DNA sequence: CAGGATTCGTTCAATAACTGAACATACGCT
DNA sequence: AGCGTATGTTCAGTTATTGAACGAATCCTG
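Protein chains in written order, with this note's numbering: chain A, 2 to 417; chain B, 2 to 417.
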């Protein structure tokens with residue numbers, strides 16, 4: 002936001018701002034007439050009319066025809082988001098590859114999931130498969146007449162968005178992989194913006210945009226921390242409806258929070274990290290379940306399902322392990338909340354599946370450890386997208402650029 | 002920033018933005034001619050001229066007369082910040098009360114410090130003294146012809162900026178004190194905006210604006226975490242030149258980060274909190290120095306000075322205590338950095354005074370525990386304002402509102 | 001020392017975009 | 001059928017930036 006400050010505001014800046022304002026209004030509150038939009042935004046009916054004209058001409062809004070709303074007065078013609086441009090999300094994970102195509106309205110146009118163990122084969126081959134899957138999604142989108150707004154790739158690990166590098170993805174066995182360059186080279190998507198982000202971060206955005214969470218007063222949930230349990234433990238920080246990525250995109254690394262100086266040894270070289278209590282492998286080990294090949298969240302028959310089944314059946318070892326994980330997680334989340342002062346925690350990934358057994362121990366720790374708990378009560382909710390969050394978030398993130406800057410999008414597509 | 006999105010941009014919005022742009026340019030890079038400002042901001046010379054006219058008329062800029070810069074071409078007339086409006090900061094602390102008056106250029110007009118033990122007397126009396134000190138500062142500022150832009154009050158504790166309440170200030174023994182209302186009632190400053198914030202937060206802003214820190218490449222330091230050691234341990238989070246306060250202003254509570262489940266008991270009811278290793282009282286106790294009356298940072302002859310003297314003299318108990326505090330602090334800071342991904346830590350308050358003995362252990366822990374350390378090296382620097390930070394930050398914060406929104410300031414002062 | 005080169009700041013017509021009011025349109029109600 | 005009401009468009013008016021032209025002030029050069 003400070004970046005905006007250093008750029009001059011010319012006349013067209015007004016237009017840009019107000020176009021986005023109108024489009025956002027429709028996106029948030031659904032179809033509405035010009036008059037209603039004017040009232041809601043504070044713009045004049047006249048202005049809204051001209052803005053709507055350019056948005057309709059640009060394929061971002063469409064008229065629904067005379068509204069059937071009964072009432073006195075001339076009925077307005079409702080305006081809704083046009084399907085218009087689409088965004089594509091690609092998720093590369095340990096044991097599957099997923100793509101997702103989403104249009105402006107947020108509806109999913111296409112989903113694909115390729116299951117395969119990617120922890121075993123090298124980055125080269127994974128990237129080839131990923132590029133093929135992406136290519137298929139893009140071709141399909143274009144065949145369907147959609148204009149491609151962008152692509153966002155989700156990877157579990159330490160991701161440097163600015164350079165497009167995957168710095169460290171322990172579960173994939175990657176280190177300093179130039180993912181963006183490789184993907185671009187293998188798909189040849191010229192002119193299409195391709196971005197990269199952490200899987201937990203994108204799951205956070207998915208939860209923000211696609212899950213329809215609401216606070217107690219009905220307003221949308223716009224600030225929260227999503228903790229995502231996989232092999233590691235990651236967190237997405239969403240503040241005022243925006244993802245907080247940190248200076249280089251490395252925010253939310255909560256997995257190696259030290260809990261006990263003499264706890265179990267961690268692969269990071271220290272002891273007693275959160276991951277050693279609440280990570281997937283630790284959880285399985287402590288629950289007494291056999292350690293299988295590395296697998297992520299919630300495949301049927303997978304290890305997490307067995308964990309869930311054990312908990313449901315009342316297996317005392319499983320219940321104890323999950324409770325301990327919940328307590329450890331609660332300590333970690335309390336630390337994050339003390340630092341960030343957000344009031345909502347979303348349990349994601351693995352934790353969404355184990356939520357029934359986690360909510361209580363987590364909540365207990367929060368009540369005990371959040372310094373401002375007396376004045377700022379915290380809420381624990383469960384992810385509604387589960388393992389889908391990251392791809393959904395990625396695809397929506399891609400198409401959302403149009404919503405954020407319709408003016409830029411319009412000029413770009415007119416040029417092309 | 003999302004808040005801005007929901008408001009229509011009218012014609013005057015351009016003016017507001019560009020006025021701020023021009024004023025910021027002068028504030029950041031010092032006196033400059035109209036032509037230079039135009040080049041730097043990207044605005045036209047014509048536009049800059051009219052903007053400068055209104056800023057000069059409003060008393061925010063002044064002409065320095067023909068510039069003596071040698072060179073071909075007609076010399077420009079340099080424009081500099083006018084002293085113009087002033088901001089007043091008031092700090093209420095455990096053993097002193099401080100006020101500070103700062104003008105637009107950032108220079109301190111007046112400082113006052115009243116030493117007294119405020120931990121012993123109730124809020125009522127403290128507020129009366131504080132109001133008197135504030136009243137004196139305001140009267141003095143007005144007598145000097147300055148127009149008062151605002152007042153900011155700094156308090157060590159959990160502060161709810163939105164309501165003006167001090168929720169919890171353990172060192173003062175306060176709980177749910179309606180500070181803003183009380184101060185307003187006792188000073189009768191009608192029409193002057195009075196705000197409230199946490200002492201550590203304001204020290205962070207002081208460091209941001211008044212200390213002239215620079216990164217390795219010479220650019221100003223705009224993202225950092227300031228850890229401030231007093232009786233408790235607090236942190237200010239500054240991101241992209243803006244203070245991050247959290248949803249309700251409770252961010253940065255790092256003092257009760259759990260380090261060891263079986264560590265020394267803490268007044269919060271749990272064990273092994275950071276405060277029990279790195280807080281002032283714990284530090285004194287562990288160093289084997291007598292526990293005196295509660296006193297804050299760095300009064301000559303005070304306990305912190307004795308600590309410093311002990312370390313300088315090489316007292317092994319003191320050195321061991323300080324090193325342990327540094328290690329504990331390092332763990333806490335590493336946690337914050339893993340979550341936030343900032344690259345600089347500022348040691349403030351007590352820690353600024355003990356910095357020579359802290360930098361090494363803190364740095365060691367950061368190298369070991371920051372997950373992204375290999376790609377995102379962290380830097381530890383020392384506060385340059387020390388105990389002055391909070392008042393300076395508060396006063397500057399007050400006057401900075403004018404810099405952020407000159408247009409609003411101009412209309413407000415014309416009305417008055 | 002006169003003329004050219006160069007940079008600074010102002011003036012003025014042109015342009016972009018929002019506003020407000022007036023007006024035509026379309027519907028429900030009596 | 002006619003009135004009241006809400007919608008959407010048209011048009012003149014206002015605000016603020018732009019671009020180009022111009023006078024002003026200084027340095028450099030022959």
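For glycine and all other residues, C-beta sits at the position ideal for the given N, C-alpha and C. Quick caveat, the model's predicted, so the values are computed rather than measured.
If distances are taken between C-alpha atoms only, which option among the options comes closest to residue i?
i                      : options                    : result
residue 333 of chain B : B:278, B:318, B:306        : B:278
residue 407 of chain B : B:32, B:34, B:57           : B:57
residue 214 of chain A : A:283, A:70, A:345         : A:345
residue 149 of chain A : A:186, A:182, A:194        : A:194
residue 63 of chain A  : A:97, A:28, A:330, A:161   : A:28
residue 287 of chain B : B:251, B:262, B:324        : B:324
residue 164 of chain B : B:249, B:221, B:326, B:19  : B:249
residue 400 of chain A : A:6, A:96, A:104, A:30     : A:104
residue 349 of chain B : B:45, B:330, B:143         : B:330
residue 75 of chain A  : A:111, A:35, A:93          : A:35
residue 87 of chain A  : A:140, A:169, A:176, A:284 : A:140
residue 257 of chain B : B:23, B:234, B:384, B:374  : B:234
residue 67 of chain B  : B:73, B:78, B:17           : B:78
residue 170 of chain A : A:411, A:190, A:253, A:199 : A:199
residue 159 of chain B : B:73, B:246, B:414, B:239  : B:246
According to DSSP, is residue i part of a helix, a strand, or is it coil?
i                      : result
residue 224 of chain A : coil
residue 122 of chain A : coil
residue 272 of chain B : strand
residue 2 of chain B   : Because residue 2 of chain B carries a pLDDT of 38, less than 50, the predicted location of this residue cannot be relied on, and the following value inherits that uncertainty. It is coil, neither helix nor strand.
residue 117 of chain B : coil
residue 13 of chain B  : helix
residue 175 of chain A : strand
residue 20 of chain A  : helix
residue 409 of chain A : helix
residue 345 of chain B : strand
residue 419 of chain A : Chain A is shown from 2 up to 417; residue 419 of chain A falls before or after that span and cannot be answered.
residue 199 of chain A : strand
residue 79 of chain A  : strand
residue 50 of chain B  : helix
residue 350 of chain A : strand
residue 128 of chain A : helix
residue 160 of chain A : strand
residue 399 of chain B : helix
residue 57 of chain B  : helix
residue 304 of chain A : helix
residue 111 of chain A : strand
Over the uninterrupted alpha helix (DSSP H) stretch that includes residue i, give me the two end residues.
i                      : result
residue 383 of chain A : Element bounds for residue 383 of chain A: not the alpha helix (DSSP H) but the beta strand (DSSP E), 380-383.
residue 360 of chain B : 356-370
residue 282 of chain B : 281-288
residue 186 of chain B : 180-188
residue 168 of chain A : Premise fails: residue 168 of chain A lies in the beta strand (DSSP E), 166-170, not in any alpha helix (DSSP H).
residue 63 of chain B  : Unbroken run through residue 63 of chain B is the beta strand (DSSP E), 62-67; no alpha helix (DSSP H).
residue 35 of chain A  : 35-42
Taking the beta strand (DSSP E) that residue i belongs to, which residues open and close that run?
i                      : result
residue 239 of chain B : 234-240
residue 102 of chain B : 97-104
residue 153 of chain A : 149-156
residue 249 of chain B : It is not in any beta strand (DSSP E) - residue 249 of chain B carries neither H nor E in the DSSP assignment.
residue 260 of chain A : No beta strand (DSSP E) holds residue 260 of chain A; DSSP gives it neither H nor E.
residue 1 of chain B   : With chain B running from 2 to 417 in the structure shown, residue 1 of chain B is simply not present.
residue 92 of chain B  : 87-93
| task | Return the residues of the stretch 9-25 of chain A that lie within a Cβ-Cβ distance of less than 8 Å from chain B, sorted by chain order. | result | 9, 10, 11, 12, 14, 15, 18, 19, 21, 22, 25
| Taking Cβ-Cβ distances below 7 Å as the criterion, which residues of the stretch 318-336 of chain B are in contact with chain A? | 332, 336
| Contact residues within the stretch 29-46 of chain B, judged by C-beta distance below 7 Å to chain A | Cβ contacts with chain A: 42, 43, 44.
| At a Cβ cut of 7 Å, what residues of the stretch 89-123 of chain B count as close to chain A, listed as they run along the chain? | none
| chain B contacts from the stretch 241-252 of chain A (Cβ-Cβ distance under 9 Å) | 241, 242, 243, 245, 246, 247, 248, 249, 250, 251, 252
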